[in-house]
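Chemist: Below is the structure I would like to discuss, written out as structure tokens.
2 protein chains.
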Amino acid sequence: MRDHNLTVYNSLTRQKEKFETLHPGFAGMYVCGPTVYNDVHLGNCRTFISFDIIYRYLKFLGYTVRYVRNITDVGHLLDDGEDRMSKGARLDNLEPMEVAQKYTLGFHQVMRLFNTLPPSIEPRATGHIIEQIEMVKKILDNGFAYEANGSVYFDTIKFAKETGEYGKLSGRVIEELLSETRDNLKNQDEKRNPADFAIWMKASDEHIMRWPSPWSIGFPGWHLECSAMSTKYLGEQFDIHGGGNDLKFPHHENEVAQNLGACNVHPARYWLHTNMLLMNGKKMSKSDGNTISPYELLTGNSSHVSKGYSPMVVRFFMLQSHYRSTNDLTDDALQAAEKGYKRLMEAYKSLDSLTSNQTINSELDEKVSSIIQGAWDDMDDDFNTPRAIARLFELVTIINSLKEGQTSLDKISQNSLKELKEAFNIIIFDILGLKVEDGSNDESVDGLMQLIIELRQIARSNKDWPTADKIRDSLNELKIQIKDGKDGSTWTYL
Amino acid sequence: MRDHNLTVYNSLTRQKEKFETLHPGFAGMYVCGPTVYNDVHLGNCRTFISFDIIYRYLKFLGYTVRYVRNITDVGHLLDDGEDRMSKGARLDNLEPMEVAQKYTLGFHQVMRLFNTLPPSIEPRATGHIIEQIEMVKKILDNGFAYEANGSVYFDTIKFAKETGEYGKLSGRVIEELLSETRDNLKNQDEKRNPADFAIWMKASDEHIMRWPSPWSIGFPGWHLECSAMSTKYLGEQFDIHGGGNDLKFPHHENEVAQNLGACNVHPARYWLHTNMLLMNGKKMSKSDGNTISPYELLTGNSSHVSKGYSPMVVRFFMLQSHYRSTNDLTDDALQAAEKGYKRLMEAYKSLDSLTSNQTINSELDEKVSSIIQGAWDDMDDDFNTPRAIARLFELVTIINSLKEGQTSLDKISQNSLKELKEAFNIIIFDILGLKVEDGSNDESVDGLMQLIIELRQIARSNKDWPTADKIRDSLNELKIQIKDGKDGSTWTYL
């Protein structure tokens with residue numbers, strides 16, 4: 006384990022706290038994953054990229070991290086009480102699990118494009134029905150739920166009164182909840198109070214996703230899966246629970262209630278929430294047309310961007326905001342991020358060519374050390390990537406100045422240069438999770454070959470045989486062959 | 006739907022049969038997937054590539070195909086009675102589901118490399134414990150299983166005597182089974198007969214993968230998951246059940262018994278089995294060192310191959326054997342496959358440049374039509390890819406002869422050329438699932454740039470400014486910049 010002073014902002018206590026895990030050296034993290042009835046939203050991508058940074062940084066610090074991110078393939082209740090997965094299935098004329106498979110594959114592909122590490126375990130809600138039924142039983146046994154017509158509801162009011170815990174995470178006051186008239190759940194007449202929520206739902210005849218249970222043929226309530234799966238894979242108590250801000254209420258509040266109701270313990274010590282991804286200063290919204298999908302952003306196939314941006318540019322752009330701040334996607338900001346990303350990669354590439362012979366400490370050495378230490382301090386300060394990236398650009402300035410000879414290479418010591426190279430590498434690739442992206446090589450190869458074919462033609466016209474031979478030999482080594490035809494020359498790989 | 010005369014070899018009836026689906030226009034196919042406690046074997050890759058061809062061909066014929074391929078993440082019994090997943094978990098010091106996640110991701114990656122289409126549904130055994138418990142209940146209710154100390158065993162002898170169905174698929178005779186003394190199962194004393202097999206196992210204390218059931222805290226027997234999941238996603242009866250030959254007994258035989266025992270119906274109309282992948286004429290075997298992994302084959306990091314072969318060369322190599330024949334992997338055969346694959350791709354690339362003006366039918370037109378029809382007939386004949394590939398090479402000869410002017414382009418009609426292009430495209434890409442593979446572009450780009458940097462140096466030395474300018478301008482267009490330094494020139498993307 007590396008020495009560190011990691012502090013994280015805990016949504017539960019509303020303050021930054023020193024990060025200490027339940028079991029020294031091990032960190033358990035649960036993040037609410039996607040609902041796979043639709044393509045993943047770019048806002049979700051931001052959340053998952055944020056937790057990817059947290060996962061990478063904890064690993065870098067030396068923790069053995071078990072990162073659990075679920076796949077919700079059942080259980081989301083719509084306003085009309087329909088399960089979202091079933092609705093998607095009917096629209097696409099597919100079985101629910103075909104829909105889930107399609108969008109799970111799509112989600113994984115987008116996550117790979119953005120170079121996020123896969124979680125250690127990716128449990129599916131439908132794969133943990135037994136665990137959810139067992140949890141319902143426990144909550145019933147503890148008196149915090151009641152059955153009505155084959156469905157089981159969490160008794161929010163009783164839980165709130167007896168424990169005083171309801172509303173702590175989200176800051177909702179139970180009296181407000183009681184007075185709320187809006188009730189999204191089906192069979193609301195079955196509920197004793199509007200604030201109660203289903204933990205098991207009896208399936209109507211049309212409902213195709215259904216399992217037997219002690220109460221009815223039905224399906225679990227949406228909030229339950231995360232309580233059941235985090236408990237199964239991380240234990241009743243674990244270190245970090247994460248998700249988007251929008252999940253704080255009711256999802257996370259109800260998760261806490263379920264875990265307390267079943268196991269009498271707060272599930273997570275630290276609750277981390279990511280802020281919203283905006284577009285042009287406003288909330289993304291399909292109905293307003295103010296939205297862009299990951300692929301639209303990558304291909305430029307949207308009126309909101311002037312062109313497509315590469316996955317690493319998008320990732321870099323997102324990391325330039327702190328995960329707890331809103332992140333405003335604009336074409337200008339993306340253009341700036343593209344320049345910044347390229348500048349960073351240029352500096353990285355030129356690092357290898359820098360050498361030094363100086364052995365004693367110089368002013369520059371100290372400056373380099375202090376900037377690097379600053380970057381670690383930034384990461385320790387609730388994973389502050391934008392500040393750490395700003396430090397990287399201070400290093401870029403130094404690297405460029407050394408490279409261009411504006412600062413003599415004698416001014417930096419071997420040790421300092423080594424430290425600079427190591428830190429630059431670790432922060433860019435291991436922690437920020439960026440990759441070298443060289444654009445489309447296919448196009449480049451063909452473009453370069455067209456140029457070489459022309460140069461070969463010039464050499465032949467000039468009877469410059471040594472040059473023509475050099476071209477032939479070099480291409481042979483690259484296993485590329487030029488074929489001359491009536492309409493000009495073409496090339497192929499051998 | 007296209008007209009077709011597809012016949013498939015049915016392992017159950019031991020003959021080729023006309024392929025007719027239960028529901029016209031729809032085809033349901035279940036294929037036994039990998040056990041994710043280890044890296045996928047190359048032999049398994051052959052099986053999945055074979056069923057990928059079948060999936061692609063059925064789709065091409067116009068069927069709406071539901072292709073279900075499971076992930077076995079629990080339930081394989083080892084000789085010592087330990088669950089394989091749990092064993093892997095202890096060795097790696099990981100939770101079973103972390104092991105499953107790691108190898109599932111690895112499996113998906115290999116499948117992507119080989120360009121296999123993902124199945125429509127990829128159900129996990131651990132995600133269908135309830136369905137398996139329900140099936141155990143049905144088999145018990147029908148009198149074909151018995152409980153002993155919390156475990157439930159399939160009563161093979163009773164089932165065999167009452168139905169006469171046991172052994173039909175594998176050709177095993179029940180008397181032989183009765184006399185077999187070897188018994189791999191734990192708690193064999195609980196079994197009434199050695200041929201009986203567990204459908205539910207009581208978990209010992211050490212067993213970490215466990216679920217509650219009416220009989221014990223335990224886990225399902227290995228054979229059960231495929232019966233339960235095929236029934237759930239394809240119905241009690243469906244069209245095709247596939248898998249490797251080695252699964253015929255006991256796995257598939259027991260699957261049939263379970264389905265008949267629970268639902269009183271044969272699950273699949275057509276049973277398709279792939280034959281073995283050999284290496285140098287012998288069965289692959291780790292203990293003999295006669296084995297190679299997918300990555301070893303792709304990278305060449307093995308004494309069994311002279312170099313690495315690209316995923317498409319390996320795929321092409323495998324398709325050159327019929328799925329019911331053994332496939333003998335040797336370095337010579339791979340080299341030949343590489344040449345063949347490249348020859349095919351060359352012909353494909355040159356197709357676009359062929360033109361024709363002739364409008365009446367010629368001898369060549371008829372020949373082209375007849376070869377193409379032959380390829381479809383081959384595919385209709387139990388998916389005979391090696392014969393279809395041989396037809397493609399007949400077309401390659403024609404294409405090359407047209408391209409090189411040995412056969413006048415006037416001899417082929419517009420229609421025939423169109424037919425040739427379409428069929429070539431569909432067979433190579435849609436049905437055989439090959440991709441254009443141009444080798445490593447990264448290396449090529451750098452190699453070409455080194456050559457261009459040299460040519461630029463020569464032009465400058467010769468004061469050949471027009472050539473130097475042409476190089477500069479062409480590279481500018483490609484957004485490539487050469488930077489001159491003290492130690493020579495380097496290049497970067499702009």
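Chains as they are written, first to last, in the numbering used here: chain A, 6 to 499; chain B, 6 to 499. Heads up, the beta-carbon is just placed ideally off N, CA and C, and yes, glycines get one too.
(1) What are the complete beta strand (DSSP E) segments, minimum 3 residues, inside the segment 430-479 of chain B?
(2) Please compile the residues from chain A whose C-beta is within a distance smaller than 7 Å of the C-beta of B/THR131.
(3) Can you tell me whether A/HIS28 is buried or exposed, with buried defined as 16 or more other CB within 10 angstroms of its CB?
(4) How close, in whole Å, do the beta carbons of B/ASN49 and B/PRO128 come, if the pair is a contact with beta carbons under 8 Å?
(5) Sorted by chain position, which residues of the same chain lie with C-beta nearer than 6 Å to A/ALA165's C-beta, five sequence neighbours on each side aside?
(6) Please work out which residues of its chain come closer than 8 Å, Cβ to Cβ, to A/ILE297, disregarding the five sequence neighbours upstream and downstream, and give them in chain order.
(7) From the DSSP output, read off the bridge partner residues of A/SER290.
(8) Going by the CB atoms, is the gap between A/VAL41 and A/VAL115 shorter than 8 Å?
(9) Just checking: is the beta-carbon of B/THR26 within a distance shorter than 8 Å of some beta-carbon in chain A?
(10) Name, please, each residue of chain B whose Cβ falls closer than 8 Å to the Cβ of A/GLN102.
(11) Output, in chain order, the set of chain A residues within a Cβ distance shorter than 7 Å of B/TRP216.
(12) In three-state DSSP terms, what is B/SER221?
(13) Please list, in chain order, the residues of the segment 254-267 of chain B that have any C-beta partner in chain A closer than 8 Å.
(14) Taking 8 Å as the threshold (beta carbon to beta carbon), is A/GLY438 in contact with chain B?
(15) Based on the DSSP secondary-structure assignment, which residues constitute the bridge partners of B/SER361?
(16) Output, in chain order, the set of chain A residues within a Cβ distance shorter than 9 Å of B/LEU422.
(17) Verify whether the separation of the beta carbon atoms of B/ASN264 and B/PRO272 is less than 8 Å.
(18) Counting only beta-carbon separations shorter than 8 Å, does A/VAL318 have a partner in chain B?
(19) Going along chain A in order, which residues have a C-beta closer than 9 Å to the C-beta of B/LYS475?
(20) What are the start and end residues of the beta strand (DSSP E) that includes B/GLU152?
(21) Closer than 7 Å, Cβ to any Cβ of chain B: which residues of the segment 341-370 of chain A, in chain order?
(22) Can you check which of these residues, A/LEU456, A/GLU152, A/LEU483, A/PHE388, is closest to A/LYS23 by C-alpha distance?
(23) So does the segment 224-236 of chain B actually touch the segment 203-215 of chain B, counting three or more Cβ pairs closer than 8 Å?
(24) Output, in chain order, the set of chain C residues within a Cβ distance shorter than 8 Å of B/GLN106.
(25) Are B/SER479 and A/LEU456 close, meaning C-beta to C-beta below 8 Å?
(26) Which same chain residues, not among the five before or five after A/GLU442, have their C-beta less than 7 Å away from its C-beta?
(27) Judging by CA-CA distance, which residue of A/SER330, A/PRO39, A/PHE53, A/ARG392 is the nearest neighbour of A/VAL79?
(28) The ligand HEM and B/GLY452: does the residue's C-beta get closer than 7 Å to at least one heavy atom of that ligand?
(29) Between which two residues does the beta strand (DSSP E) containing B/GLU22 stretch?
(30) List, in chain order, every chain B residue whose beta-carbon is nearer than 8 Å to that of A/GLU482.
(31) Residues of chain A with CB closer than 7 Å to the CB of B/LEU110, please, in chain order.
(32) Tell me, please, whether the CB atom of A/THR18 is closer than 8 Å to any CB atom in chain B?
(33) List, in chain order, every chain A residue whose beta-carbon is nearer than 8 Å to that of B/GLU241.
(34) Can a CB atom of chain A be found closer than 8 Å to the CB of B/SER507?
(35) Could you give the distance in angstroms between the alpha-carbon of A/ASN189 and the alpha-carbon of B/GLY313?
(36) Given 8 Å as the limit, is there contact between the segment 109-125 of chain B and the segment 97-110 of chain A, that is, 3 or more CB pairs closer than that?
Modeler: Reading it off the structure:
(1) none
(2) GLY132
(3) exposed
(4) B/ASN49 to B/PRO128, Cβ: 17 Å. No contact.
(5) TYR171, ILE179
(6) LEU47, MET284, MET289, SER307, HIS309, VAL310, LEU334
(7) A/ASN295
(8) no
(9) no
(10) The question names Gln, but residue 102 of chain A in the sequence shown is Met. Here the neighbours are ILE126, PRO128, TYR238.
(11) ILE135
(12) coil
(13) none
(14) no
(15) In DSSP, B/SER361 forms no bridge with anything.
(16) Within chain A, no residue comes near B/LEU422; the closest Cβ sits about 18 Å away, beyond 9 Å.
(17) yes
(18) no
(19) LEU456, GLU459, LEU460, ILE463
(20) 150-153
(21) GLU351, LYS354
(22) A/PHE388
(23) yes
(24) Among the protein chains in the structure shown, which are A and B, there is no chain C.
(25) yes
(26) SER315, MET317
(27) A/PRO39
(28) As presented, the structure is devoid of all ligands, the ligand HEM included, so that no description of it is given.
(29) 20-23
(30) GLY452
(31) PRO123
(32) no
(33) By Cβ distance, chain A contributes nothing, its closest Cβ being about 16 Å from B/GLU241, past 8 Å.
(34) Given a span of 6 to 499 for chain B in the structure shown, any question on residue 507 of chain B remains unanswerable.
(35) Low confidence applies here, because A/ASN189 scores a pLDDT of 48, under 50, leaving its location unreliable; read the following figure in that light. The alpha-carbon atoms of A/ASN189 and B/GLY313 are separated by roughly 59 Å.
(36) yes
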